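In the numbering used here, the protein residues as written are 753 to 1026.
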Amino acid sequence: MNRETLYSIRMRAAHHGQHVSGAERVVSADKIDQSVHSLTVRAKRKIPHPHQIVITIESLQELPVRAVTALDVVTVNASDMTAGRSSASTLLQGLGIAQAAVHQAMVCLARGPAPSGGNMRGAMIIDAETGRRLEPDQERGLRATRFDWSDEAYGEVDGMLTGAGLTHFRIREALALATKVAHAPHVLAELCWSDDSDYFAGYVASLRTGYVRFPVLKPEHDSHGGRAIFVDRIGLDMSALRRYLQQDVVLISSVGAIRRSLEPENILESINTD
Ligand code: COA
Ligand code: AMP
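Okay, structure coming up:
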């Protein structure tokens, strides 16, 4: 039986050549117009108003679609940045990532990981053992793209997150992105805090922990941020990782659980040891 053709709808907006907004959907043909409309409205709402909005509509007919379950979500009750970063570091080390690699990632995210001093256009890829950066272009990094919630899963996760008081649109999008990244070959974990100066929360995500959310991982009014994807270097095929993140289509077709929040001292309880 032929699969219904899906389309990748991607929006990026720039102000004076600077990327200011981006979002994407994977939808059936009948949802293209509505998706283009809502992505355009979203870009136009951005302040300062973008000079350029680019919408790409691409048929995914030839590409396989991988259906995955969303990561579980758990919040750590770490009330400030120091407690948050310390707890995130403990968790990453509990996942087998060397202390030096965690330190290297946090230093980079805090100062802006691009060699030119600013934020990157994608994620760092970090060797979990040595902390060495492996992404071919350190200004750009690798970007996860071509992923979305199925309609059913989106409705369900939206209700669950709202019920848990997690109403910021960024969480739904970051959870989707983190779910795609966590299913990548050789990925052990991801660490993220936003480059948005008004958004301080961040996360550690992996298949073994789910999406572990820290309410504060950066100082107020700081516009430095980024993503660090920690990989097991042994057997890593960088082309396969790049292909998975940037080309393979991932549809999140079922939701995970919202788990009971954790105190920072109990952070390692979030690791599934099965
Ligand atoms: N940050 C900075 N610049 C970006 C960017 C981003 N996230 N995405 C695109 N650009 C700019 C870059 O200059 C890029 O050139 P490069 O490939 O040399 O870096 C250029 O736009 C073209 O990028 P391209 O990959 O062709 O864009 P696209 O239109 O196919 O996809 C996005 C754009 C924004 C939809 C996609 O990159 C993305 O980030 N998707 C995930 C969005 C999401 O859900 N984020 C959740 C965050 S919580
Ligand atoms: P944001 O969560 O949108 O504030 O993005 C934080 C950082 O994540 C950016 O500064 C980029 O370094 C990185 N990033 C942005 N988009 C992607 C993506 N699609 N995949 C991986 N990393 C990204």
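Beta carbons: idealized from backbone N, C-alpha and C, even for Gly.
Just so we're clear, the structure is a prediction, and the values are computed from it rather than from any experiment.
Cβ separation of residue i and residue j, assumed to be a contact under 8 Å, to the nearest whole Å
i: E891; j: A866; result: 5 Å
i: L1002; j: F899; result: Sequence check: residue 1002 is Val here, not Leu. So it is a contact: roughly 4 Å between Cβ atoms.
i: R762; j: T808; result: 5 Å
i: I986; j: V939; result: Incorrect: roughly 13 Å between the Cβ atoms, too far for contact.
i: I1019; j: S839; result: 5 Å
i: P1016; j: A835; result: 5 Å
i: S975; j: S949; result: 4 Å
i: L997; j: A936; result: 6 Å
i: A857; j: L943; result: 6 Å
i: T882; j: G1008; result: At roughly 31 Å, the Cβ-Cβ gap does not stay under 8 Å, so T882 and G1008 are not in contact.
Alpha carbon of residue i to alpha carbon of residue j, nearest angstrom
i: D947; j: G874; result: 11 Å
i: E904; j: S868; result: 42 Å
i: N829; j: P967; result: 7 Å
i: H855; j: S841; result: 8 Å
i: T897; j: D785; result: 20 Å
i: T914; j: V826; result: 14 Å
i: S831; j: L812; result: 43 Å
i: A926; j: G769; result: 24 Å
i: G846; j: M912; result: 28 Å
i: T819; j: D910; result: The question names Thr, yet the displayed sequence has Ala at residue 819. The alpha-carbon atoms of A819 and D910 are separated by roughly 18 Å.
i: C860; j: G907; result: 36 Å
i: T814; j: R995; result: At residue 814 the sequence reads Glu, which differs from the Thr that was named. The alpha-carbon atoms of E814 and R995 are separated by roughly 15 Å.
i: Q851; j: V964; result: 19 Å
i: D795; j: S773; result: Per the sequence shown, the amino acid found at residue 795 is Ala instead of Asp. About 6 Å.
i: L1014; j: H771; result: 35 Å
i: S1006; j: R837; result: 30 Å
i: A781; j: W901; result: 16 Å
i: S790; j: H767; result: 19 Å
i: R924; j: Q999; result: 21 Å
i: G864; j: R797; result: 26 Å
i: T919; j: I805; result: 26 Å
i: W945; j: E756; result: 36 Å
i: D1026; j: M833; result: 31 Å
i: L993; j: Y951; result: 29 Å
i: R885; j: H973; result: 27 Å
i: E810; j: R777; result: 11 Å
i: P816; j: D889; result: 27 Å
i: K783; j: A775; result: 16 Å
i: R1012; j: G870; result: 36 Å
C-beta contact flag for residue i and residue j at 7 Å
i: G978; j: M872; result: yes
i: V983; j: I849; result: no
i: A941; j: L844; result: yes
i: L823; j: G917; result: no
i: A765; j: P800; result: no
i: T931; j: I1010; result: no
i: L894; j: A934; result: no
i: A853; j: A880; result: yes
i: V788; j: Y759; result: no
Which residues DSSP lists as bridging residue i, in chain order
i: D782; result: In DSSP, D782 forms no bridge with anything.
i: I1004; result: V820 and W901
i: D879; result: V983
i: V939; result: V983
i: C1081; result: Since the first and last residues shown for the chain are 753 and 1026, residue 1081 lies out of range.
i: E810; result: S760
i: H771; result: A766
i: V933; result: Paired residue(s): none; V933 is not in a bridge.
i: Q856; result: The partner list for Q856 (beta bridge, DSSP) is empty, contrary to what the question assumes.
i: T777; result: For the record, residue 777 in the displayed sequence is Arg; it is not Thr. Beta-bridge pairing links R777 to I761.
i: V826; result: V964
i: I1010; result: V825
i: R885; result: I878
i: L791; result: According to DSSP, L791 bridges with nothing at all.
i: I805; result: A765
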